[in-house]
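Peer 1: Pasting a structure below so you can have a look.
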Amino acid sequence: MEPKSVNRLSDGLEIIWDNDVSCLYPYKYLRLQCACALCVEELTGKKLLKVAEVPDDIIIVEYLIVGKYAIQPLWSDGHESGIYPHNSLLSYALNDDAVICKDKSKLLNDIKKSNI
């Protein structure tokens, strides 16, 4: 599943998936999910980025589309090395209440269908 559109809103990043399900990812939540080498210890998987280090008013200034598989946000705190694969974003949408989706059950059903 791929994004149909990506929009920077005042309260988070909105992704409308190609099945027309819209999900809102709050900026601070998304910044804390960064899995780059600056934010996560590569060998142990230990998070290096602390919640207190991320400003409450953080936003995505711009973003890049990485091939057909990921989004790379450019953050207002200057961080720009994190890449968010579509499958990770979908997993956050399905498994974390911080991400608000219009129809999580449709999203889940369509993911199951596409993996068959």
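In the working numbering, the protein residues as written are 2 to 117. Backbone N, C-alpha and C define an ideal beta-carbon position, used for all residues, glycine too.
For the alpha helix (DSSP H) containing Lys113, name the first residue and the last one.
Peer 2: Mapped onto the sequence shown, residue 113 falls at position 112. Where Lys113 is concerned, the enclosing alpha helix (DSSP H) stretches over Lys105 to Ser115.
Peer 1: I'd like to know whether the C-beta atoms of Ile17 and Leu90 end up nearer to each other than 8 Å.
Peer 2: For this step, residue 17 is matched to residue 16 along the sequence shown. For this step, residue 90 is matched to residue 89 along the sequence shown. Cβ atoms of Ile17 and Leu90: not closer than 8 Å.
Peer 1: Grab me the residues of Arg9's own chain with a C-beta within less than 6 Å of its C-beta, minus the 5 sequence neighbours each way, in chain order.
Peer 2: Translated into the one-based positions of the sequence shown, residue 9 becomes position 8. The answer, listed in chain order, is Ile61.
Peer 1: Looking only at DSSP bridge pairs, what is Lys48 linked to?
Peer 2: In the sequence shown, residue 48 corresponds to position 47, counting from 1. DSSP lists Val41 as partners of Lys48.
Peer 1: Can you round the beta-carbon distance between Asp19 and Glu3 to whole angstroms, since I take them to be within the 8 Å contact cut?
Peer 2: By 1-based counting over the sequence shown, the position of residue 19 is 18. By 1-based counting over the sequence shown, the position of residue 3 is 2. With a Cβ gap of about 5 Å, Asp19 and Glu3 count as contacting.
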